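Taken in sequence, the protein lines are chains D and S. With our numbering as the guide, the letters of the first sequence map in order to residues 1 to 260. With our numbering as the guide, the letters of the second sequence map in order to residues 1001 to 1260.
2 protein chains.
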Amino acid sequence: MTADSIALFAKHDLIAAELREQIESGSLAVGADLPSESDLQSRFGVSRGPIRQALATLRSEGLIETTQGRPPRVRAQPLVQSIDDFFSFSSWVRAQGKVPGQRTFEIARRRAAPALVARMGLAEGEFVVEIVRLRLIDGIPTMIERSSFHDSIGKALLTFDTDSGSIYEYLIDNGAELDEGTHVVDAVPAAPLDAELLGVETGAPLLRVRRVTRSRRGLILETSDDRYRSDQASLLIQNSRNENRPTPIVARTTHTVANA
Amino acid sequence: MTADSIALFAKHDLIAAELREQIESGSLAVGADLPSESDLQSRFGVSRGPIRQALATLRSEGLIETTQGRPPRVRAQPLVQSIDDFFSFSSWVRAQGKVPGQRTFEIARRRAAPALVARMGLAEGEFVVEIVRLRLIDGIPTMIERSSFHDSIGKALLTFDTDSGSIYEYLIDNGAELDEGTHVVDAVPAAPLDAELLGVETGAPLLRVRRVTRSRRGLILETSDDRYRSDQASLLIQNSRNENRPTPIVARTTHTVANA
DNA sequence: TCATTCCACCAGTATATACAAGTGTGTCGG
DNA sequence: CCGACACACTTGTATATACTGGTGGAATGA
């Protein structure tokens, strides 16, 4: 996990972080019981509130499961990705111990095409910065990325070496408020150019992820059309009817995960 | 929303349900402020704890967003599907005001093939119940479903009219503990048979969702391989870097949603 | 030996209270 | 007229306490 520079001053965040690290490092084995809430209270020297808040965080991340009457348990398959790993290709690949790569084919600042004007809610004639890149994992072509950035943040990209690394991280570091994203996932046939770059046959099925990224105020800052070689990447969703974990876990995977 | 027979006795659940209904009915408009926590305390006659728990639930569902120092606000695009709508094709289609349909091609009880033995963690020679169905939306072929059920619950299906409706709902009503699911999403070319049934060309890209459904105790009760016509259905994921809403929202959509 | 009962422990829920920290408004002064 | 400040209100965080109901193992009895 990358060091998160977000302030973690609250006790429940510190407690959650410590327990999370123990789980991810294997210090708390899969299936093992966590200390009971009262144990955690005395260990961390806090009251029950922060303990429960920390456990709720881990539960929402799918790392533990809780049952009334029993201590919390470490869940099997503690697959968790940080939100950055979902937004950023580079961060995702590195989190899996592999090496991300990219080859930029085009970066241009131009007036948005009519379809893009509608999709991004722009005024006619507004500029956007468009980038087309091939993304690689350990040198293997994996994804074609076509992004359009709002001019306000896109201009910064014109001076950025888009072959050097993560646009997402660059923008975040420069203060861009890429806050929330909507992703629509479907399957499309590979166009001739995409097929050649990805090393598949024309018409081969690709997993397409179209993303719209908004600022906190709802302004659309980026739209993207990412097409993955489906033998290189897939999407994983874990969800539960159990009221203890009402929200799903979503992650990208580099290959089909074993059915544990 | 279907009437949920799950017990909702806790006050925070009742409060969340009432606020949720006000949001979904439009009684609380998008962007409008919710009453402050102290207002809600006096309105519902409870202390601050259950109020905050209810708000946390709505926040995790993406219905509201909260900021320190300001009352909670109703989020734009309150797209929420119940968990049943994600597990059950029929429930999902009906929730969108459309008519689900199904044509059963095969239902059989047989010894599990070696690959299935491994995938479901069975003993060699164990029986499974396998079902192949074409699923339709308003009469339009949309998905090919190949499911394998653990014998313990599968036997009940042999006396069920699998053309009549939702297997999932039938099993739940009969006490099956289908508790959590893992879905792996990728893209595959249409096999000749699938292509014919779905009305697409052989090799056309299909969105494949492979599901493993487990009981609360981790026993694998069902595995399924669902292949969608990608012009009929797609997957939608909303997530946020904002710490207020750490968990994503996942939903199936019947067509590409407009980029609002 | 084995099933049943009992009980200590545990998480879920709820109340009351307190302080820190962010937001927005209104007032005051230049 | 407008900027700076103060203040009321709000959510975030934390403590202390209490009760309810589920779990699992130990003690009990047939």
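We put the CB at the ideal spot given by N, CA and C, even for glycine. Every value quoted in this text rests on a predicted model; they were computed, and no experiment measured them.
Cβ separation of residue i and residue j, assumed to be a contact under 8 angstroms, to the nearest whole Å
{"i": "T213/D", "j": "L178/D", "result": "5 angstroms"}
{"i": "F1149/S", "j": "L1221/S", "result": "7 angstroms"}
Residue i - DSSP class collapsed to helix/strand/coil
{"i": "F1087/S", "result": "helix"}
{"i": "Q102/D", "result": "strand"}
{"i": "S1164/S", "result": "coil"}
{"i": "S60/D", "result": "helix"}
{"i": "R75/D", "result": "coil"}
{"i": "F44/D", "result": "helix"}
{"i": "G154/D", "result": "helix"}
{"i": "L1028/S", "result": "coil"}
{"i": "E177/D", "result": "coil"}
{"i": "V200/D", "result": "coil"}
{"i": "D138/D", "result": "coil"}
{"i": "L1034/S", "result": "coil"}
{"i": "A1112/S", "result": "coil"}
{"i": "L1236/S", "result": "strand"}
{"i": "D293/D", "result": "The displayed coordinates of chain D run from 1 to 260. Any statement about residue 293/D would go beyond what the structure contains."}
{"i": "A251/D", "result": "strand"}
{"i": "A195/D", "result": "helix"}
{"i": "L221/D", "result": "strand"}
{"i": "E1126/S", "result": "coil"}
{"i": "A17/D", "result": "helix"}
{"i": "A187/D", "result": "strand"}
Euclidean distance between Cα positions of residue i and residue j
{"i": "Q53/D", "j": "H12/D", "result": "6 angstroms"}
{"i": "G1121/S", "j": "Q238/D", "result": "19 angstroms"}
{"i": "S1166/S", "j": "L1219/S", "result": "22 angstroms"}
{"i": "S1164/S", "j": "Q102/D", "result": "51 angstroms"}
{"i": "D33/D", "j": "A115/D", "result": "54 angstroms"}
{"i": "A1191/S", "j": "D1226/S", "result": "13 angstroms"}
{"i": "A176/D", "j": "A1123/S", "result": "54 angstroms"}
{"i": "I1015/S", "j": "G203/D", "result": "51 angstroms"}
{"i": "I1107/S", "j": "T1162/S", "result": "9 angstroms"}
{"i": "E1201/S", "j": "I1144/S", "result": "15 angstroms"}
{"i": "S1005/S", "j": "V117/D", "result": "Its pLDDT being 38, under 50, S1005/S is placed unreliably by the model, and the measurement read from it follows with that caveat. Looking at the two C-alpha atoms, the distance is approximately 46 angstroms."}
{"i": "V46/D", "j": "E21/D", "result": "19 angstroms"}
{"i": "I1131/S", "j": "S1025/S", "result": "38 angstroms"}
{"i": "K98/D", "j": "S88/D", "result": "14 angstroms"}
{"i": "S1240/S", "j": "G1125/S", "result": "47 angstroms"}
{"i": "D1151/S", "j": "A1113/S", "result": "14 angstroms"}
{"i": "R1252/S", "j": "R252/D", "result": "17 angstroms"}
{"i": "D1173/S", "j": "A1156/S", "result": "12 angstroms"}
{"i": "E180/D", "j": "F1160/S", "result": "44 angstroms"}
{"i": "G199/D", "j": "I1083/S", "result": "38 angstroms"}
{"i": "D1039/S", "j": "S1027/S", "result": "17 angstroms"}
Beta-carbon proximity of residue i to residue j, cut-off 8 angstroms
{"i": "S224/D", "j": "R146/D", "result": "yes"}
{"i": "D1194/S", "j": "L1207/S", "result": "no"}
{"i": "T182/D", "j": "L1236/S", "result": "yes"}
{"i": "R1135/S", "j": "T1104/S", "result": "no"}
{"i": "L55/D", "j": "P72/D", "result": "yes"}
{"i": "V1093/S", "j": "P248/D", "result": "no"}
{"i": "A1029/S", "j": "V1074/S", "result": "yes"}
{"i": "R1109/S", "j": "G1049/S", "result": "no"}
{"i": "I1137/S", "j": "Q1232/S", "result": "yes"}
{"i": "S42/D", "j": "S1060/S", "result": "no"}
{"i": "S234/D", "j": "V1129/S", "result": "no"}
{"i": "G287/D", "j": "A95/D", "result": "Since the first residue shown for chain D is 1 and the last is 260, residue 287/D is missing from the structure and cannot be characterised."}
Member of the options whose CA lies at the smallest distance from the CA of residue i
{"i": "T254/D", "options": "S164/D, T142/D, G199/D", "result": "T142/D"}
{"i": "P35/D", "options": "I64/D, S60/D, A10/D, G101/D", "result": "I64/D"}
{"i": "G139/D", "options": "S90/D, I249/D, A187/D, L55/D", "result": "S90/D"}
{"i": "P1189/S", "options": "D1039/S, S1230/S, Q1022/S, A1029/S", "result": "S1230/S"}
{"i": "R1211/S", "options": "Y1168/S, L1198/S, Q1232/S, G1026/S", "result": "Y1168/S"}
{"i": "L1019/S", "options": "G1045/S, I1051/S, V1117/S, L1171/S", "result": "I1051/S"}
{"i": "D1085/S", "options": "P1100/S, V1030/S, S1038/S, V1074/S", "result": "P1100/S"}
{"i": "L1171/S", "options": "G1199/S, S1215/S, I1144/S", "result": "S1215/S"}
{"i": "D1186/S", "options": "V1209/S, I1137/S, A1010/S", "result": "V1209/S"}
{"i": "L23/D", "options": "S38/D, G62/D, D151/D", "result": "Residue identity check: residue 23/D is Ile in the sequence provided, not Leu. Nearest option by C-alpha distance: G62/D."}
{"i": "L197/D", "options": "N174/D, Y228/D, E180/D", "result": "Y228/D"}
{"i": "T1066/S", "options": "N1174/S, R1252/S, E1037/S", "result": "E1037/S"}
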